[in-house]
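Read through the structure below, which is laid out as structure tokens, and then see the notes.
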Amino acid sequence: AKLLLLNGPNLNLLGQREPDIYGHETLSDIERNAQEKAATLGHQLDYLQSNHEGVLVDRIHQTLTDGTDMILFNPGAFTHTSIALRDALAGVKRPFIELHLSNVHAREDFRHHSYLAPLAVGVIAGFGSNSYALAIEAADHYLKK
Ligand code: DQA
């Protein structure tokens, strides 16, 4: 199947950004590992990171025509703020998994609420860069069932 991995704002700084919370792996490490993992399971994985809400909205809209079967999304801080991303995901009706490196529920109160999670198939949070591998496995199971 065709998977789309989206990463939101500040995730381009992974590796140097608050490593105690987010680990030492860079986003390229994560994207490369995700692509390998997807390939092992027989899937194709496309990816995009953006610091701009509208760019992410546009990329979600593209899934209407590019054959994407499932979206894996770490929306970063937009998780807690973005009705526009929620509406985009609702609009394209593609199944998606919300994922986070950190356990957002163990952190500040403002990270406990997600505008996107109510529409997600499921949420994976707290496993560091392994959250991405787990999300790919979850997508694989979901698409095969
Ligand atoms: C994050 C958690 C968010 O609360 C935060 O704003 C991020 C990263 C995570 O992967 O743990 O930028 O999505």
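In terms of UniProt numbering, the sequence shown has 34 at position 33, counting the first letter as 1, and numbering is strictly consecutive. Positions of the beta carbon are idealized from the N, C-alpha and C atoms, including for glycine. This structure is a prediction, so every number in the text was calculated from the model and none was measured.
query, result
"Residue closest to S130, alpha-carbon to alpha-carbon, out of P20, E109, G24", "G24"
"Bridge-paired residues (DSSP) for I72", "L5, F97"
"For Q45, the residue or residues it bridges with in DSSP", "K3"
"Per-residue burial, F97 [other beta carbons within 10 Å of its own, 16 or more giving buried]", "buried"
"Residue range of the unbroken alpha helix (DSSP H) whose run includes G55", "54 to 63"
"Test item: CB-CB of E109 and K38 under 9 Å", "no"
"CB contact flag (L102, A126, <9 Å)", "yes"
"Enclosing beta strand (DSSP E) for A126 [first to last residue]", "123 to 126"
"Anticipated Cβ contact below 8 Å, A35 with L28, distance rounded", "Wrong, their Cβ atoms sit about 10 Å apart, outside the cutoff."
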